[in-house]
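Notes follow once the structure below has been shown.
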Amino acid sequence: MKFELVKLSYGADELAPVISKQTIEFHHGKHLQTYVNNLNNLVQGTKFENANLETIVKESDGAIFNNAGQVLNHNLYFTQFSPKGGGQPSGKLAEAINLAWGTFENFQKEFEISGTGLFGSGWVWLASDKDGKLSITKEVNAGNPLTKGLTPLLGFDVWEHSYYLDYQNRRADHLKELWKIVDWKVVESRY
Ligand code: MN
68 MKFELVKLSY GADELAPVIS KQTIEFHHGK HLQTYVNNLN NLVQGTKFEN ANLETIVKES
128 DGAIFNNAGQ VLNHNLYFTQ FSPKGGGQPS GKLAEAINLA WGTFENFQKE FEISGTGLFG
188 SGWVWLASDK DGKLSITKEV NAGNPLTKGL TPLLGFDVWE HSYYLDYQNR RADHLKELWK
248 IVDWKVVESR Y
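Just add 67 to wherever you are in the sequence shown, counting from 1, and you've got the numbering used here.
Spelled out as structure tokens, the structure:
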């Protein structure tokens with residue numbers, strides 16, 4: 068299977084000022100493209116040559132896992148944003164968030180604390196188990212909740228490459244701003 072760079076449904080400049088055009092161009096056009104290229108090279112001649120991304124993430128380790136994980140993570144990340152995003156989820160997802168954290172605001176606070184507290188590079192995820200029960204998971208490096216048998220719904224990238232040009236060391240400020248561009252319809256569709 069030949070992996071390709073995920074297409075953006077918005078212009079590189081349209082998520083500003085939450086994420087600048089320059090950050091999108093580096094993050095999507097350079098960092099993610101490198102993971103895609105590496106993955107395509109690494110799977111050649113292995114048992115993963117014709118596997119889909121989710122299978123590779125669940126079954127691989129080492130360099131293949133790192134690159135496949137980062138391709139999957141960024142595919143979910145870049146497709147969950149919209150210039151018209153923000154607000155709150157509705158329907159089943161909103162109910163499940165209220166069940167788990169009491170209020171949407173409490174969930175946001177816990178999510179930000181998890182992302183800010185993650186040491187080094189990684190991701191913070193909202194994930195669902197097979198019964199629809201939600202949790203927040205912290206994953207280092209290329210980690211994804213899939214490897215724990217969970218479904219990833221929303222992921223914030225806390226690698227410095229995702230925010231350093233715009234926010235320098237202020238990861239907490241960046242995470243707080245990201246809520247303004249989350250497309251909850253997309254997140255709900257993953258639930
Ligand atoms: Mn990234």
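Where a beta carbon is used, it is the ideal one built from N, C-alpha and C, also for glycine. Fair warning: this is a prediction, and the values are worked out from it, not measured in the lab.
#### Entry: LEU220: first and last residue of the uninterrupted beta strand (DSSP E) it sits in
218–224
### Task
Measure the beta-carbon distance from LEU213 to ARG257 and round it to whole angstroms, keeping in mind my assumption that it falls under 8 Å.
12 Å between Cβ atoms; not a contact.
### Alpha-carbon to alpha-carbon, TYR144 and LYS159
21 Å
#### Entry: Beta-bridge partners of GLU206, as assigned by DSSP
TRP190
### Query
Does the Cβ of ASP224 lie closer than 7 Å to at least one heavy atom of the ligand MN?
yes
### Message
Less than 8 Å between the beta carbons of VAL225 and VAL254, yes or no?
### Response
no
#### Entry: Option in GLY136, LEU201 and LYS69 with minimal Cα separation from GLY169
LEU201
### Message
If you reduce the DSSP assignment to three classes, tell me which class LEU242 lands in.
### Response
helix
### Message
Using the three-state DSSP reduction, which class does PHE132 fall into: helix, strand or coil?
### Response
PHE132: helix per DSSP, three-state reduction.
### Query
Do you know offhand how far LYS247's Cα is from GLY154's?
7 Å
### Task
Would you kindly check if the distance between the Cβ of GLN147 and the Cβ of ASP233 is under 8 Å?
no
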